Structures are given as structure tokens and as C-alpha cells.
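Chemist: In the UniProt record's numbering, the protein residues as written are 1 to 145.
For each residue, glycine too, the CB sits at the ideal point set by N, CA and C.
All figures in this text were calculated on a predicted structure; none of them were measured in a lab.
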Amino acid sequence: MTATPSTPTFIPRPLVRVNQWTIVFSVVLTWITGQYWLLLIPLLSGLGGLLFDFHPIMRFAKRFLRKPMNAYIPEDRDDQRFNQKIAVLCLTGAFVSYAAGWTAGAYAFTIMVATAAFIAILGFCVGCFIRFQWNQFQYRRRKQA
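(1) Anyone know if the C-beta pair for proline 42 and alanine 108 falls short of 8 Å?
(2) Rank Arg142, Gly123, Gly127, Phe132 by C-alpha distance to the C-alpha of arginine 13 and give the top, closest one.
(3) Along the chain, where does the beta strand (DSSP E) containing proline 12 start, and where does it finish?
(4) Whose CA, out of Phe10, Gln20, Tyr36, lies closest to the CA of tryptophan 102?
(5) Taking only three categories from DSSP, how would you classify aspartate 53?
(6) On a CA-only basis, which of Gln20, Phe10, Thr9, Leu65 is nearest isoleucine 119? Give me that one, please.
(7) If distances are taken between C-alpha atoms only, which option among Val16, Lys143, Gln84 comes closest to arginine 131?
(8) What are the start and end residues of the beta strand (DSSP E) that includes proline 74?
(9) How many whole angstroms separate the CB atoms of lysine 62 and leucine 15, which I take to be in contact at a CB cut-off of 8 Å?
(10) I'd like the list of long-range same chain contacts for serine 97, defined as Cβ closer than 7 Å, with 5 residues on each side in sequence excluded.
(11) Please classify methionine 69 as buried or exposed, where buried requires at least 16 neighbouring CB atoms within 10 angstroms.
(12) For leucine 65 and glycine 49, what's the separation of their Cα atoms in angstroms?
Now the structure itself:
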């Protein structure tokens, strides 16, 4: 997605954090309760953000921001979209695995997405690192050609 004049090129960090905490809490609640439909909360929100540029969780959380959007620490929009794609992929894999009764797959996907989200909350973005390495690989490959 390219940014238009009305679309900022960044997302305020508090909105990103709300999304990350939603993923972590949904996964943990799924583990505790066994109600795997809880994964649909971050999954459908993430899909909405990717497909329609409407992320209900972030849109709701935006109401609670007290300062102007540009007063918060910015998170790169393209990095966050890449991360959201990974999260949606893992959450979809987890949901399908739970629905099919594939417990090992369900746990593998939920552990991956919850761990990545929690590590991001702590300050290191695994998805950003993967995207950076991919971009470096593509750059080196183009440079050789």
C-alpha cells in the first residue's frame, strides 16, 4: 500500500502496542479457556487492516489518544503491514489447526505469534528484522545483476 496525502506514513506506537497486546491476550485466553474462536478477534481485525485499511482495534484505541498523532513515537507503516501479514498468517494457521483438531499445529502457530508480539512489546521487532534482511537480500541480488 502506498501512502496518500491523507494516509500517514507512520502509526503511533500506542496503537501498535494495543494490537500486540490484543494478540498476546487472545492467545493466552485461548490456551486457558480452550475457546479458539477468541483468535478471531485479532485475526479479523488484522485482515480488516490489510484488506480494507480499517483495523477495528486500532480505530477504537485511537479514541483514547490524548495528544496529536504526530506527538507519539512513530512506527513505520510498511513495517507494521508486513508484521500484520505474518500475524494474520500465524493466527489463520492457529485457527484452522484448532478447528481441525491439530493440536500441535495450533500450539506451534499460537506460540510463534504470541512470542513475536510479546518480544515486540519488549522492544525488538522480529518481523521488522525479517523484513530488513529480506530487503538487504533483494538489494544485494539487484546489485549483482
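Modeler: In brief:
(1) On the sequence shown, residue 42 is found 42 positions in, with the first residue counted as 1. On the sequence shown, residue 108 is found 108 positions in, with the first residue counted as 1. Contact flag unset, no.
(2) Taking the sequence shown and counting its residues from 1, the one referred to as residue 13 is at position 13. Looking at the Cα atoms, Gly123 is the closest of the given residues.
(3) By one-based count along the sequence shown, residue 12 stands at place 12. Run containing proline 12: 10 to 12, per the beta strand (DSSP E) assignment.
(4) Indexing the sequence shown from 1 puts residue 102 at position 102. It is Tyr36 whose Cα lies nearest to the Cα of tryptophan 102.
(5) As a position in the sequence shown, residue 53 is number 53, starting the count at 1. Residue state, collapsed to three classes: coil.
(6) On the sequence shown, position 119 is the one that residue 119 refers to. When each option's Cα is compared against that of isoleucine 119, the closest is Gln20.
(7) Translated into positions along the sequence shown, residue 131 becomes position 131. If you compare the alpha carbons of Val16, Lys143, Gln84 with that of arginine 131, the shortest gap goes to Gln84.
(8) Mapped onto the sequence shown, residue 74 falls at position 74. Start and end: 74 to 76.
(9) Along the sequence shown, read from residue 1 onward, the residue named residue 62 stands at position 62. Along the sequence shown, read from residue 1 onward, the residue named residue 15 stands at position 15. With a Cβ gap of about 6 Å, lysine 62 and leucine 15 count as contacting.
(10) To locate residue 97, count along the sequence shown from 1; it is residue 97. Taken in chain order, the residues that qualify are Gly105, Ala106, Phe109.
(11) Counting from one through the sequence shown, the residue named residue 69 turns up at place 69. With fewer than 16 other Cβ atoms within 10 Å, it is exposed.
(12) Within the sequence shown, the letter at position 65 stands for residue 65. Within the sequence shown, the letter at position 49 stands for residue 49. So the alpha carbons of these two residues sit roughly 19 Å apart.
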